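Structure record follows, encoded as structure tokens.
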Amino acid sequence: MPPAIPPVVPPDPRADFPPPHEPVNPADPRLAVEVGRFWAGAAATALVAALIGLVAVIILERIFSFTLVPPPDIFTTGSHQAAFAIDGAILALLAAGLLHLLILTTPRPRAFFGWIMALVIVVITALPFAWTSDTTSAALSGLVNLLIGVAVWSLLAGVAGRTIVRRAV
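Residue numbering for the sequence shown follows full-length UniProt numbering, starting at 1 and increasing by one per position.
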């Protein structure tokens with residue numbers, strides 16, 4: 001009697017896919033923030049942003065006698081130095097608040113933060129061109145805004161990298 005041939009079983013079409021995961025409750029995210037260290041980093045970032053604005057105005061307006069297009073003077077100080085410094089610090093604190101919120105609520109907070117910051121930087125770099133017809137002043141002011149935006153983005157990304165913690169679910 002010939003040996004029995006085992007039946008041919010077709011391969012499972014789902015074998016290449018990972019097993020399904022339990023859905024994560026959005027009210028119970030897996031990421032948390034070391035709040036004290038995060039906001040200390042945010043405060044340091046605000047200080048750096050303010051100093052970039054201050055130094056840029058000193059160098060460009062006081063030393064090289066260029067005229068900059070100042071950002072909105074929120075506290076009506078009448079000073080370009082103060083306007084750039086205060087607005088840079090406010091940008092840093094608002095960005096830190098946004099990043100903190102994204103960490104607590106979104107599945108990929110750094111990706112969303114990166115996209116949002118990139119778009120904000122494009123806007124703040126282009127705004128001086130909408131406020132004046134002097135191309136040189138607009139370009140230099142846009143450059144200062146670009147430096148402040150990139151500093152805020154990179155510093156806060158570093159702060160997040162050191163202060164985001166995984167929670168046990």
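Every residue gets a Cβ at the ideal spot worked out from N, C-alpha and C, and that includes glycine.
Just so you know, these numbers come straight off a predicted model, no measurement behind them.
Indicate whether the contact test is met: 3 or more Cβ pairs, each with one atom in the stretch 76 to 90 and one in the stretch 51 to 58, closer than 8 Å. Judged by Cβ distances under 8 Å, the stretch 76 to 90 makes contact with the stretch 51 to 58, as three or more pairs qualify.
Buried or exposed: residue 119, going by 16 or more other Cβ atoms within 10 Å of its Cβ? As a first step, residue 119 must be located in the sequence shown, where it is residue number 119. Its Cβ having fewer than 16 others within 10 Å, residue 119 is exposed.
Taking the DSSP output, what are the residues bridged to residue 31? By one-based count along the sequence shown, residue 31 stands at place 31. Beta-bridge partners of residue 31 (DSSP): 166.
Does the Cβ-Cβ distance between residue 155 and residue 48 come in under 8 Å? The residue given as residue 155 occupies position 155 in the sequence shown. The residue given as residue 48 occupies position 48 in the sequence shown. Result yes, Cβ atoms of residue 155 and residue 48 sit closer than 8 Å.
Which residue wins for smallest C-alpha separation from residue 157, given the options 59, 103, 124? In the sequence shown, residue 157 corresponds to position 157, counting from 1. Among 59, 103, 124, the Cα nearest to that of residue 157 belongs to 103.
In the DSSP assignment, find the alpha helix (DSSP H) that holds residue 170 and state where it starts and stops. In the structure as shown, the chain starts at 1 and stops at 169, and residue 170 therefore has no counterpart that could be examined.
Is there a Cβ of chain C sitting closer than 8 Å to that of residue 41, yes or no? No chain C is part of this structure, which consists of one protein chain only.
Quick check: what's the CA-CA separation for residue 131 versus residue 80? Stepping through the sequence shown from its first residue, residue 131 is reached at position 131. Stepping through the sequence shown from its first residue, residue 80 is reached at position 80. For residue 131 and residue 80, the distance between alpha carbons rounds to 15 Å.
Nearest by alpha-carbon distance to residue 121: which of 112, 149, 100, 141 is it? Residue 121 sits at position 121 when you count from the first residue of the sequence shown. It is 149.
Where residue 8 falls: helix, strand or coil (DSSP): What you label residue 8 is simply residue 8 of the sequence shown in a count that begins at 1. It is coil, neither helix nor strand.
Supposed contact pair residue 142 and residue 126 - C-beta distance, whole angstroms, cut 8 Å: Walking along the sequence shown from the start, residue 126 turns up at place 126. Walking along the sequence shown from the start, residue 142 turns up at place 142. About 7 Å; that satisfies the 8 Å criterion.
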